[in-house]
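Peer 1: Next up is a structure, given as structure tokens.
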Amino acid sequence: MASRDDIKFLSNPKIGNQRKKYCRFRKFGIKYIDYKDPDFLTQFINAQGKILPRRISGNSLKYQRKVASAIKRARHLAMLPYVTDLLK
Amino acid sequence: MRNYEVTFIVDPVLSGDEIKATAQNYVEELKSHGATIVHNDEMGLRQLAYPINKRTSGVYYCVEVQVPNGEFVNKIELAMRRDDRIMRFLTYGLDKYGVKYNEDKRAGKIGKRKPKVEADADVPKGVTKTLGKPKKQAPAKKEAVQTQAKVSETKAAVAEVASEEEE
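Taken in order, these protein sequences are the chains called L and G.
Everything in the first sequence is counted per my numbering, starting at 5 for the first residue and increasing by one.
Everything in the second sequence is counted per my numbering, starting at 299 for the first residue and increasing by one.
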């Protein structure tokens, strides 16, 4: 039988306290998102090259729109792929 | 006046001179439409994220221009569409933040986004520099203050003397 102390660490103790998501553009005062900077934009796409939703990235609506259009411009200029696999 | 960014990809199969001539051709054409070239950024040969016309790489150019109106856009885009040497192009109207961003980028202020590790590595140097500078500057300032103080003292003394003489 496992004692009470062993049971305590069977689940992740940090699982309960969720970290609050925030919009990095608002927080750090970034006003312009460059479509020519694919390394920066890869933070907002998943391994298939899809744009991450706000619910995951935490962006405010205003900057999510700007991020999305910047990614689409980068895709047009072949700086980011339209479809891919194992991007990261 | 409006600011635009004309980005285009030149076919890398051409020789180096031809690529440069093509880019220069469009810069000249922009000028002929009354644009002033703010900056001509040659981004160089880059790997494409996906093949275009069976090419896997391209030579990127980004020209930032200031123009009185947006009439040139259709003309230059038509010219680029007809040109086989241009693989892709994008004309983008910059807002004030975009203009500022490009200025800062040229001044080297925006390296902080991508190379965060480098910025961290530079911190110790910066600290030593900032530590070093005040030591040098501080005495000078003190001296200046002292000299000013002396001057004011002497002025005061002169004034006292003058007042005494008047009496």
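Backbone N, C-alpha and C fix where the C-beta goes; we use that ideal spot for every residue, glycine too.
I'd like the span of the alpha helix (DSSP H) that includes L:I60, first residue to last.
Peer 2: R58 to S61
Peer 1: For chain G, check one thing: does any of its Cβ atoms lie closer than 8 Å to the Cβ of L:L90?
Peer 2: no
Peer 1: Need the endpoints of the beta strand (DSSP E) that G:N301 sits in, please.
Peer 2: R300 to V308
Peer 1: Can you tell which of L:K24, L:K18 and L:A82 has the C-alpha that lies nearest to the C-alpha of L:N63?
Peer 2: L:K24
Peer 1: Given that L:Y86 touches chain G, what residues does it touch there, using C-beta distances under 7 Å?
Peer 2: The contacting residues are Y348.
Peer 1: What residues match up with G:G391 in a beta bridge as DSSP calls it?
Peer 2: G:Y302
Peer 1: Are G:A321 and L:A82 touching if we call contact CB-CB under 8 Å?
Peer 2: no
Peer 1: Check distances from the C-beta atoms of the region 66-80 of chain L to those of chain G and list, in chain order, the residues that come in under 9 Å.
Peer 2: Within the region 66-80 of chain L, contact with chain G at the beta-carbon level (separation under 9 Å) is assigned to R77, A78, R79 and H80.
Peer 1: Do L:R60 and L:L84 have their C-beta atoms closer together than 8 Å?
Peer 2: The sequence as given places Ile at residue 60 of chain L; Arg does not occur at that position. Contact: no.
Peer 1: Kindly indicate the opening and closing residues of the beta strand (DSSP E) around L:P85.
Peer 2: Here L:P85 belongs to no beta strand (DSSP E), and DSSP marks it neither H nor E.
Peer 1: Under DSSP, the alpha helix (DSSP H) around G:T334 begins and ends at which residues?
Peer 2: Taken as a continuous stretch (DSSP letters only), G:T334 belongs to no alpha helix (DSSP H), being part of the beta strand (DSSP E) at T334 to I350.
Peer 1: Looking at the C-beta of L:Y26, does it have a partner C-beta in chain G at a distance below 8 Å?
Peer 2: no
Peer 1: Leaving out five residues before and five after G:E466 in sequence, what residues of the same chain have Cβ atoms less than 8 Å from its Cβ?
Peer 2: Outside the displayed range of chain G (299 to 465) lies residue 466 of chain G, so it cannot be described from this structure.
Peer 1: G:N339 to L:Q22, Cα distance in whole Å?
Peer 2: The sequence shown places Asp at residue 339 of chain G, rather than the Asn named in the question. If you take the alpha carbons of G:D339 and L:Q22, they lie about 44 Å apart.
Peer 1: May I ask you to report which of helix, strand or coil DSSP gives L:Q52?
Peer 2: coil
Peer 1: Contact criterion: CB-CB distance below 8 Å. Does G:E416 meet it with respect to chain L?
Peer 2: Residue placement at G:E416 is poorly supported in this model, since its pLDDT is 42, which falls under 50; the coordinates are not used for a value here.
Peer 1: Please identify, using Cβ separations under 9 Å, the residues of the region 377-396 of chain G that lie next to chain L, in order along the chain.
Peer 2: Contact annotation: in the region 377-396 of chain G, residues whose CB is within less than 9 Å of a CB in chain L are M385, R386, F387, L388, Y390, L392, D393, K394, Y395 and G396.
Peer 1: So G:T305 contacts chain L; which residues on that side make the cut at Cβ distance below 9 Å?
Peer 2: Those within 9 Å of G:T305 in chain L are Y39, K40, R77 and L81.
Peer 1: Taking 8 Å as the CB-CB cut-off, is G:Y302 touching chain L?
Peer 2: No, G:Y302 does not count as interfacial toward chain L.
Peer 1: Could you run through the region 354-367 of chain G and flag, in chain order, every residue whose CB is less than 9 Å away from some CB of chain L?
Peer 2: Those residues of the region 354-367 of chain G placed with their C-beta closer than 9 Å to a C-beta in chain L are G356, Y358 and C360, ordered along the chain.
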